[in-house]
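Protein chains: 2
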Amino acid sequence: MNNENTLPDQTISDVISAVTFDANGLVPVIAQQHDTGEILMMAWMNADALRETLASHQVCYWSRSRQSLWRKGESSGQIQALVDLRWDCDGDTLLAMVDQTGVACHTGRRNCFFNAVRDDKLATIAPVEIDPGSLYDT
Amino acid sequence: MNNENTLPDQTISDVISAVTFDANGLVPVIAQQHDTGEILMMAWMNADALRETLASHQVCYWSRSRQSLWRKGESSGQIQALVDLRWDCDGDTLLAMVDQTGVACHTGRRNCFFNAVRDDKLATIAPVEIDPGSLYDT
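In order, the protein sequences belong to chains A and B. Each residue of the first sequence is one higher than the last, beginning at 1 in the numbering used here. Each residue of the second sequence is one higher than the last, beginning at 1001 in the numbering used here.
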């Protein structure tokens, strides 16, 4: 990666072969904003989603609830442009370094990890930036 | 969190109740170096591991291969001090913001995500910083 050139099909196949998919054919994917280090979300890919992501440079997950490819931002416009893809020592987790348009979270927050403990109580630590109704009514 | 005080048992129980564990009783955990944003590794916790992590402020995972609690760094010394714990919108992924001693990866690299594509070829993009033999011979 490290550029926007199209990857050869063989390279894409080599990446897919290097990844260990679980019993359901899925691998967890951490999406990180490439320049700030912010962790945006965690979702899943199957081999087809990974292939499409590498070929298109737009992140495509596998929706476990809908059992279908989930082209991130297709309905909301909140797309993730792929900047770099990395995988871990065991090949069973992916790290997608992306450039997030707008917000990553369906709640309208920039990232999904907005729950924490503050003053010994469960707290929401990030504001809603975009009305979630406006993300999915289009 | 945001401090090193002991959390009340009730708060720990509230966090565990807010988390959705999968069919195997596990939840994926992303470990991020708290000050640099570097993603160190991804591993799993069950409720006991999460409880111990929150009570001790030292990250404890569940080892799926050994089927036992995995007190990160117990044998290698490469511990992760917990700085903050966050969970996502669905409660099914945790983000542990930590202060990593030494290296996170069993290969002796700082983080586990050292595989990538460079010049259309699969490449290792991070050096071994500590001889892995020295991590586990003790």
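For glycine and all other residues, C-beta sits at the position ideal for the given N, C-alpha and C. Because the structure is a prediction, the values reported are computed rather than measured.
Proximity to residue i [Cα-Cα], best of the options
i	options	result
Val-202(A)	Pro-132(A), Asp-131(A) and Leu-85(A)	Residue 202(A) is absent from the model: chain A starts at 1 and stops at 138.
Val-59(A)	Asp-35(A), Gly-77(A) and Arg-66(A)	Gly-77(A)
Gln-80(A)	Asp-90(A), Pro-8(A) and Met-97(A)	Met-97(A)
Asp-88(A)	Ser-13(A), Phe-21(A) and Trp-70(A)	Phe-21(A)
Phe-113(A)	Pro-28(A), Ile-39(A) and His-34(A)	Ile-39(A)
Ser-17(A)	His-57(A), His-106(A) and Asp-90(A)	Asp-90(A)
Ala-1104(B)	Leu-1026(B), Ala-1047(B), Ile-1030(B) and Gly-1025(B)	Ile-1030(B)
Leu-1069(B)	Asn-1046(B), Gln-1032(B) and Glu-1129(B)	Asn-1046(B)
Asp-35(A)	Ile-125(A), Asp-48(A) and Asp-99(A)	Asp-99(A)
Asp-1048(B)	Val-1019(B), Ala-1116(B), Gly-1037(B) and Asp-1131(B)	Val-1019(B)
Thr-107(A)	Gly-25(A), Ser-65(A), Asp-131(A) and Ile-125(A)	Asp-131(A)
Ala-951(B)	Ile-1125(B), Thr-1101(B) and Ser-1065(B)	The structure shown has nothing for residue 951(B), since chain B only spans 1001 to 1138.
Glu-1129(B)	Arg-1051(B), Gly-1102(B) and Leu-1026(B)	Gly-1102(B)
His-57(A)	Asn-111(A), Ala-116(A), Pro-28(A) and Ile-12(A)	Ile-12(A)
Gln-1032(B)	Trp-1062(B), Asn-1115(B) and Val-1083(B)	Val-1083(B)
Val-1027(B)	Asn-1115(B), Trp-1062(B), Ser-1075(B) and Asn-1111(B)	Trp-1062(B)
Buried or exposed by the 16-neighbour rule on C-beta atoms within 10 Å, applied to residue i
i	result
Gly-1133(B)	exposed
Thr-1006(B)	exposed
Ala-1023(B)	exposed
Pro-127(A)	exposed
Tyr-136(A)	exposed
Thr-1053(B)	buried
Gln-67(A)	exposed
Arg-118(A)	exposed
Thr-138(A)	For Thr-138(A), the pLDDT reaches just 44, beneath the cut-off of 50, and the residue's location in the model is therefore unreliable, leaving the point undetermined.
Ala-55(A)	exposed
Trp-1121(B)	Here residue 1121(B) turns out to be Lys, not Trp, going by the sequence shown. It is exposed - the Cβ of Lys-1121(B) has fewer than 16 other Cβ atoms within 10 Å.
Thr-1093(B)	buried
Gln-10(A)	exposed
Ala-123(A)	exposed
Arg-1109(B)	buried
Gly-1073(B)	buried
Residue i, DSSP secondary structure in three states
i	result
Ser-65(A)	coil
Ala-55(A)	helix
Thr-1138(B)	Bear in mind that a pLDDT of 44 at Thr-1138(B), under 50, signals an unreliable position, so the number given afterwards is only what the model happens to contain. If DSSP states are grouped into helix, strand and coil, Thr-1138(B) belongs with coil.
Val-1015(B)	helix
Ala-126(A)	coil
Gln-32(A)	strand
Ala-1047(B)	helix
Gln-1010(B)	helix
Lys-121(A)	strand
Segment limits, beta strand (DSSP E) that includes residue i
i	result
Met-1084(B)	Residue identity differs from the one stated: residue 1084(B) is Asp in this sequence, not Met. Element bounds for Asp-1084(B): 1080-1087.
Val-1117(B)	1115-1118
Leu-1095(B)	1094-1100
Residues bridged to residue i [DSSP beta-bridge criterion]
i	result
Val-27(A)	Met-45(A)
Arg-71(A)	Cys-60(A)
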